[in-house]
Amino acid sequence: MIFLLVTAAVFLGEKITIMKVSGVLVLLYGASLLNRQKSLWLSISAMAKDRACRLMLICSFFMAIGRTIDGFFIKSFDPLLYAILIYSFMSAFLLVYVLYDGQLKAARDLYYSRKAVTLTAGAVNAYTYLFLLYAITKIDVSVAEPASMLSMVVTVILSHFMLGENIKGRLAGVLVIIAGSWALFV
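All residue numbers for the sequence shown refer to the working numbering, where the first residue is 9 and numbers rise by one.
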């Protein structure tokens with residue numbers, strides 16, 4: 009989210025306000041609570057040391073670039089057509105990777121063994137992206153993308169019921185993240 013705040017300001021001319029910076033810092037604090045340690049610094053350090061967290065930081069960096077590009081191009085395209093174009097390119101890139109890696113049969117087997125899940129996940133992801141594109145035609149990209157993190161409430165609840173995860177320690181982090189998202193809109 010910090011990456012997005014900076015890239016949106018530099019490339020889209022969005023303003024960096026005190027409330028946006030405050031909101032992003034609160035979001036970061038909330039994220040540190042998701043893996044709570046004895047202190048805030050230890051929580052943030054644990055995030056930096058954990059391989060999965062580092063991968064998520066890389067993901068966040070690339071998402072910031074992607075959302076900034078979306079914010080630039082969505083001004084001159086219909087969001088639905090833009091989403092179709094982007095998803096077509098993503099599918100082509102991933103297909104090339106699957107072919108290169110020799111995983112086409114495994115991908116096909118996965119699809120046929122879990123067709124309902126793959127179709128549902130594809131539809132949910134497509135509509136999520138489409139709704140985000142429509143949102144960034146109305147509000148700043150640096151507000152829309154972090155606000156989409158409100159989905160964490162649903163994710164945490166579903167992870168408890170579907171995956172059996174213990175969510176007690178994560179609820180506080182999610183509530184803080186919601187407060188940070190709210191600050192972005194003020």
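C-beta atoms are modelled at their ideal positions from N, C-alpha and C, and glycine is treated no differently.
All of these numbers come straight from a predicted model, not from anything done at the bench.
With the cut-off set at 8 Å, would you say residue i and residue j are in Cβ contact?
i, j, result
"Ile-82", "Leu-13", "no"
"Ile-144", "Gly-79", "yes"
"Leu-192", "Pro-154", "yes"
"Leu-20", "Tyr-37", "no"
"Phe-11", "Phe-101", "no"
"Ile-186", "Leu-158", "yes"
"Ala-16", "Thr-76", "yes"
"Val-182", "Val-164", "yes"
"Tyr-95", "Ala-134", "yes"
"Leu-138", "Leu-88", "yes"
"Val-184", "Leu-41", "yes"
Would you report the Cα separation of residue i and residue j, rounded to the nearest angstrom?
i, j, result
"Gln-45", "Cys-61", "15 Å"
"Leu-103", "Ala-152", "29 Å"
"Leu-35", "Phe-97", "31 Å"
"Thr-126", "Leu-107", "19 Å"
"Gln-197", "Tyr-90", "Any answer about residue 197 is impossible in this case: the structure gives the chain only from 9 up to 194."
"Met-160", "Asp-117", "30 Å"
"Met-71", "Ser-121", "30 Å"
"Val-18", "Gly-172", "42 Å"
"Cys-67", "Lys-176", "26 Å"
"Leu-63", "Ser-84", "32 Å"
"Ala-124", "Val-132", "12 Å"
"Asn-174", "Thr-136", "26 Å"
Need the endpoints of the alpha helix (DSSP H) that residue i sits in, please.
i, result
"Phe-11", "10–20"
"Thr-145", "No alpha helix (DSSP H) holds Thr-145; DSSP gives it neither H nor E."
"Ala-38", "Inspection of the sequence shows that residue 38 is occupied by Gly rather than by Ala. Run containing Gly-38: 26–41, per the alpha helix (DSSP H) assignment."
"Met-160", "159–171"
field: alpha helix (DSSP H) runs wholly inside the segment 50–114, at least 4 long, in chain order
entry: Qualifying alpha helix (DSSP H) stretches, in chain order: 59–81, 87–109.
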